[in-house]
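The sequence shown maps to residues 1 to 208 in full-length UniProt numbering. Report on one structure; see the data block that follows.
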Amino acid sequence: MAENWFSAPVLSDAGLIGPDARLRLEPLTRHHAAAFLTAAGDHGEQVFEHLGYYPPKSIDDALATIDRLNATEDQVPYAQIVAATGEFAGTTSFYEINPALRALAIGHTWIAHPWWRTWLNSTSKLVMLSRAFDRLGAERVVWHTDIRNTRSQEAIARLGAQREGVLRHHKIRRDGSWRDTVQFSMLVGEWPEIRARLISRVTEGSRS
């Protein structure tokens with residue numbers, strides 16, 4: 001039986017690179033609120049600059065954000081947990097999930113500032129892409145990012161995703177301005193080569 005695209009099993013890199021996990025993706029729940037608040041507090045304005053919501057300033061803020069992410073029908077949010085220490089290192093999601101078209105998007109991602117430019121983002125994307133292509137049978141995975149967010153665009157391109165174009169006035173930013181969105185995609189036929197390259201990058205400890 002095919003897996004439910006909207007389910008949220010615990011995911012990790014165990015077995016993808018070596019026998020032990022370095023990163024664990026857990027379904028994001030209210031249980032994570034305190035850790036969410038702590039991780040978001042380090043360089044919060046910089047970390048959350050291009051997200052649709054502000055960094056939480058209190059437990060109530062963190063709870064409200066977690067509830068909102070879980071209330072979106074076509075979104076499955078995850079907490080990114082460093083396996084060795086249990087440290088909460090950010091969140092990420094599958095969204096725009098469309099089993100009929102065998103397509104989904106990866107995004108709504110933030111990574112705590114100490115983990116920028118480390119192995120964590122590459123490992124997280126390897127785990128999520130493995131679920132999308134190898135477990136769910138996706139044909140297409142998409143990323144969206146603010147045209148101003150050049151750092152994110154560079155990171156997505158390094159994964160091997162193809163830049164498809166710009167969606168003009170696609171969303172409204174927190175400040176009320178219109179956001180042009182850069183869209184990237186990856187197809188299942190491209191995945192084997194990208195998978196091997198990502199595994200090599202993570203194994204060598206390259207920055208994300």
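Note that beta-carbon positions come from the ideal geometry of N, C-alpha and C, so glycine has one too. Just so we're clear, the structure is a prediction, and the values are computed from it rather than from any experiment.
Between the alpha carbons of ILE111 and ALA89, how many angstroms are there, rounded?
Sequence index remark: in the sequence shown, residue 111 carries index 111 (1-based). Sequence index remark: in the sequence shown, residue 89 carries index 89 (1-based). Between ILE111 and ALA89, the C-alpha separation is close to 6 Å.
If I'm right that LEU120 touches LEU23 with Cβ under 8 Å, what's the distance once you round it to whole angstroms?
Mapped onto the sequence shown, residue 120 falls at position 120. Mapped onto the sequence shown, residue 23 falls at position 23. Rounded, the Cβ-Cβ distance is 6 Å, consistent with contact.
I'd like to confirm the pairing. Which residues does DSSP put opposite MET186 in its beta bridges?
As a position in the sequence shown, residue 186 is number 186, starting the count at 1. According to DSSP, MET186 bridges with VAL141.
What's the call for LEU125, buried or exposed, on a 16-neighbour Cβ count within 10 Å?
The sequence position of residue 125 within the sequence shown is 125, counting from 1. With the sequence shown as reference, residue 125 is identified as Lys, and Leu is not the correct amino acid for it. Label assigned to LYS125: buried.
Drop a sphere of 10 angstroms on the beta-carbon of SER58, count the other beta-carbons inside from all chains shown, and report buried for 16 or more, exposed for fewer.
By 1-based counting over the sequence shown, the position of residue 58 is 58. Answer is exposed; the Cβ neighbour count stays below 16.
Ranges of the beta strand (DSSP E) found wholly within the UniProt domain "N-acetyltransferase" (22-162), counting only runs of at least 3:
23-27, 76-82, 87-98, 103-111 and 140-146
Could you tell me the distance, in whole angstroms, from the CA atom of SER7 to the CA atom of THR29?
Translated into positions along the sequence shown, residue 7 becomes position 7. Translated into positions along the sequence shown, residue 29 becomes position 29. The straight-line gap from Cα to Cα measures roughly 14 Å.
Decide if TRP143 is buried, meaning its Cβ has at least 16 other Cβ atoms within 10 Å, or exposed.
In the sequence shown, residue 143 corresponds to position 143, counting from 1. It is buried - the Cβ of TRP143 has at least 16 other Cβ atoms within 10 Å.
Quick check on ILE17: does DSSP put it in helix, strand or coil?
In the sequence shown, the residue the question calls residue 17 occupies position 17. ILE17 falls in the coil class under three-state DSSP.
Bounding residues of the alpha helix (DSSP H) (the contiguous stretch that carries VAL202):
Position 202 of the sequence shown, counted from the first residue, corresponds to residue 202. That run of the alpha helix (DSSP H) goes 191-204.
Identify whether TRP178 lies in helix, strand or coil by the three-state DSSP scheme.
The residue labelled residue 178 in the question sits at position 178 within the sequence shown. Three-state result, TRP178: strand.
Minimum C-alpha distance to ARG140 - residue among ASP67, PRO99 and GLY52:
Along the sequence shown, read from residue 1 onward, the residue named residue 140 stands at position 140. For the residues ASP67, PRO99 and GLY52, the minimum Cα distance to ARG140 belongs to PRO99.
Does the stretch 180-195 come into contact with the stretch 152-165, if we say contact requires no fewer than three beta-carbon pairs (one atom in each stretch) closer than 8 Å?
yes
Does DSSP put GLU164 in a helix, in a strand, or in coil?
The residue you call residue 164 lines up with position 164 of the sequence shown. Strand.
Check the DSSP bridge columns for SER12 and list the partner residues they point to.
Taking the first residue of the sequence shown as 1, we reach residue 12 at position 12. Paired residues: ARG24.
Let me confirm a value: PRO55 is counted as buried when at least 16 other C-beta atoms fall within 10 Å, else exposed. Which label applies?
Locating residue 55 in the sequence shown gives position 55, where the first residue counts as 1. That one is buried.
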